[in-house]
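Down below is the structure, laid out as structure tokens.
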Amino acid sequence: MGVKKHVYYFGAPKADGDRDMKMLLGGKGANLAEMVNIGIPVPPGFTITTKVCAEFQRTKTIPEDVVAQVRENVARVEKAMHKRFGDVDNPLLFSVRSGAAASMPGMMDTVLNLGLNREIVEAWVQRSPEQARFVYDSYRRFITMYADIVMRVGREDFEHALGHMKVLKGTQFDTDLSADDLKKLVDEYLILFERKSGKPFPQDPWEQVFAAIRAVFRSWGNPRATMYRRLNHITGLIGTAVNVQAMVFGNVNERSATGVAFSRSPSTGENFFYGEYLVNAQGEDVVAGIRTPQQIGKALSLKWAQEHGVSEEERQRRYPSMEESMPENYKLLCDIRAKLEEHYRDMQDIEFTVESGRLWMLQCRNGKRTIHAALKIAIDMHRSGMISKEEAVLRVDPEQVDHLLHPNIEPAAAKAAKPIGKGLAASPGAAVGQVVFDAESAKSWAAQGKQVIMVRLETSPEDLAGMHAAQGILTARGGMTSHAAVVARGMGKCCVSGCGDMVISGRSFALNGKFIKQGDVITLDGTRGLIYKGALKLKPASLEGDFKIFVRWCQELKRLNVRANADTPADADKAREFGAEGVGLCRTEHMFFEATRINAMREMILADTKEGREAALKKVLPIQRGDFEGLFRAMKGSPVVIRLLDPPLHEFIPHERVAQEELAAKLDVPLEKVRQRVKALHEQNPMLGLRGCRLGITYPEIYNMQVRAIIEAAVEVSKSGVPVKPEIMIPLVGKKAELSFTKKHAVTTAEQVLERKGCRVHYTIGTMIEVPRAALTADEIAEEADFFSFGTNDLTQMSCGFSRDDAGQFLRLYEDLGIYTRDPFQSLDQEGVGELLRIAVRKARAVKPMLKMGICGEHGGDPRTIEFCHRSGLDYVSCSPFRVPVAIVAAAHAAVVERQEHAERYKALAASKE
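Quick note: the sequence shown uses full-length UniProt numbering, first residue 1, plus one each step.
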């Protein structure tokens, strides 16, 4: 058996690896190898695999066979570069860089100019005095990086010494320091290094290179890299690769430069070469912001000068474009740009260095881009024939689509402002308004034309009207699926919830030393969970152009239907505008909270007899019927799932004494009766108490009234020529007998209405699978159901034993510790809750193969959950109206990926038969 390969060489004419080896070589290593293979000038080097990193994390050592392979590949680079590592007369220097399979820009470590020591530096200066400045500059950079990255003693003291030298010399930039200045700095750095690390700076280049490799492997587990992976949900990687590459120098002279560029604009997606470079600099200088970078193209250079008030004379003297100052290399770079885009068939982010007039490519990768740029690039590349429509769809991240649907703070305004506090990013977008502290104030101020932000300790259903009137909602309590968060997302309102640092006192709140009173203006950033004092400029959402085209493509490619959770005709209209194919959940309880309605509901709750309850419900009936008519008309023949009353009755009655007194007066009943009824309805755990179908079984007249309203509305709309598809959903069923009882009453009521009206309307009756027992006995329940809708909010709550309103205080810690990689109320827990869903689907389809099934919890707008629903065989997902486009794109992703997998399996099967 041969020796196992751990180190892969890249260098002309052919590399050991290619771009398909990303998991082993990391993104950077795989793309360096690929660039070599397609004839692009890349400094030679080698990649140590991610598997070695995984071994290093376990043992904290580099295995001996890896050490041997590193030495062998150093020799290959020496031969290619005609230099020798550690040689005094002709030294080869290396860069040592990280490179994971997933892009993690700036999160791990890099060491440049490795291989220098005092002997090599002095010989180099003596041999080439004209390069003295460059040599000392490279050495002082190396010492700083080695101290910071390898020895972990920080770079602050070194930067302070550099700053002190610039002050002494009266200069602003590093490039203004002379060779003598830099030599003095090197001497100072070497003393600093020994003092801080307790040992002299290593003079053996081999000691340096292996110490740097260990440091880069070690950086895989540093706090910022770990947090980046957690925040970006990067999982399944075993470590970073390490790329050891021959150094090429952008800081040799005025004919040298370094730069970063994108093959298209990462902001807009426009097809022009976008990039910056610096003359006489190394790569870190471009991103450090110390010197003003120059544009690579003349057109952008002219535009930049105009925007910054720089005269043409000064621009040409101080900030000429690469196109003007290095025309031959600019042309070569343009050719490489075109070659890379054609090869990778995607927008590329590239890094390059020019050393004494010779261009080298140091990196290429698929470039990060805004959602606006992503849409334009995908559409343009498909129309040009570069990629298929399926590939274009996969180029757009479904989560990014959400950024198009809400106003956001202007980037410049956000950059200039400092937030006063932070909570949970509960509902995206931004809002500016005057602070109010109750629903009535929100309504009355909004009626006067004021924009308001409603601030509450936590919201309740009675705040609904105020939430509707407000531009945004801020709460001190509550998680991502709290009432405030769920309702705000459904309304498309910006919401920051769970701001635990906020202390509300009367008509004011204190937050991190800032005092905000009613009427003061604040700005909320619901996308990032930030709160600002004062009004920040907002950027409105755009739903036209490329966005419409792209959503239409996704609708063509997806299999899953996408519906919306909508409680009003306005919600339904917005959902249809965004592409919804029906209503997957109408929460009828949200229709009861206006003043005229809630009083009738409260009258029903306070009634002592069935007759009294029915009399009160007659007042609610025409209002509900009107609501349902509006929904049916808005959806124009698309299915509308209407959930019968779900929450416990105690949510409809006031708990404060003043409000109880007002209710008693309005209904002309004794105050004591109100108070006794409130006490009687009290439950220790109301979410597991008298609610859902249990309420319908205990008080059948409630569900009977709702079914009557639904069917009467359907008949009325149908007679006007608008097709209707009512789907009646009975919530919280855990046992077949519960559904049998409620369905029998519903059918009886519906048929009575249809017989009385003298016409037929097709309706279906199904249930919400949200109790674990229902999932486990889905085959029995399916015998009575026309459809299933998975209510994953409650299914998660009951399966995991978490209260969705209180779990926020420990779920963050759980994510940090890796107990849950994602909040299970935001993204479905596929291994646990998802397994219950799979069991239910399998059992139900065994009884009714064509049973329609969907999901209507908050998870219905989460791309990972949508992909899971697609693979689990569901028919539709339902989400808030403002998540509908996200769901459409995610559903298209799932369908395209599945087709690709099927094609690959078919191809492999055909190959095996040959």
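Glycine included, every Cβ here is placed at the ideal spot set by N, Cα and C.
The beta carbons of A564 and V583 sit about 6 Å from each other, so the pair counts as a contact at 8 Å.
Looking at the backbone, the Cα of R71 and that of R214 are separated by about 15 Å. Apart from sequence neighbours up to five positions away, the residues of its chain that approach R864 with a beta-carbon distance below 6 Å are S827, ordered along the chain. Checking the DSSP bridge columns, you'll see Y277 partnered with G259, Q294. DSSP, read as helix, strand or coil, puts K199 in coil. As the crow flies, the alpha-carbon of I379 is around 15 Å from that of P266. No residue range can be given for K83, since it is assigned to no alpha helix (DSSP H) and is classified by DSSP as neither H nor E.
By the 16-neighbour rule on beta-carbons within 10 angstroms, S912 is exposed.
For W304, DSSP assigns no beta-bridge partner whatsoever. Bridge pairing for Q69: absent [DSSP]. With respect to the C-alpha of I781, the residue from K618, K736, N243, E458 having the closest C-alpha is K736. Fewer than three pairs of CB atoms, one per stretch, sit closer than 8 Å, so the region 707 to 714 makes no contact with the region 679 to 698.
With distances taken between CA atoms, F802 lies nearest to M687 out of S789, M687, D89, A887. Three or more beta-carbon pairs drawn from the region 379 to 395 and the region 544 to 557 are found closer than 8 Å, and the two stretches are therefore classed as touching. Contact annotation, V562 with I350: C-beta distance approximately 38 Å; criterion of less than 8 Å not satisfied. Rounded to the nearest whole angstrom, the C-alpha separation of V216 and P200 is 21 Å. Annotated as distal: L645 and S878, with beta-carbon spacing of 8 Å or more. For the pair T459 and V722, the Cα-to-Cα distance works out to about 37 Å. Straight-line spacing of the CA atoms in I453 and A535 works out to 12 Å. Annotated as proximal: A891 and L560, with beta-carbon spacing under 8 Å. A straight-line Cα-Cα distance of about 38 Å links F515 and H372. Fewer than three Cβ pairs drawn from the region 253 to 261 and the region 218 to 226 lie within less than 8 Å of each other, which leaves the two stretches out of contact.
Distance from the CA atom of D397 to the CA atom of I40, rounded to whole angstroms, is 30 Å. When the beta-carbon positions are compared, A80 and G26 stay at least 8 Å from each other. A direct Cα-Cα distance of roughly 14 Å separates Y136 from F158.
By DSSP's assignment, I516 forms a beta bridge with F509.
In this structure, G637 sits near K725, with a CB-CB distance shorter than 8 Å.
In terms of CA proximity to G834, A775 leads the group A775, F788, M850, P205. Taking C-alpha positions only, G198 is separated from E188 by approximately 15 Å.
No Cβ-Cβ contact shorter than 8 Å links S427 with A476.
Among the bridge pairs identified by DSSP, N117 is matched with none. Around E119, the same chain offers V88, Q203 as residues with beta carbons nearer than 8 Å, after the five sequence neighbours per side are excluded. Classified as buried, T527 has 16 or more neighbouring CB atoms from the shown chains inside 10 Å of its CB.
Note that the region 782 to 794 touches the region 727 to 736; at least 3 beta-carbon pairs, one per stretch, sit closer than 8 Å.
Rounded to whole angstroms, the Cβ separation of R141 and N113 is 6 Å, and the two are in contact under 8 Å. Beta bridge pairing from DSSP links Y8 with T47.
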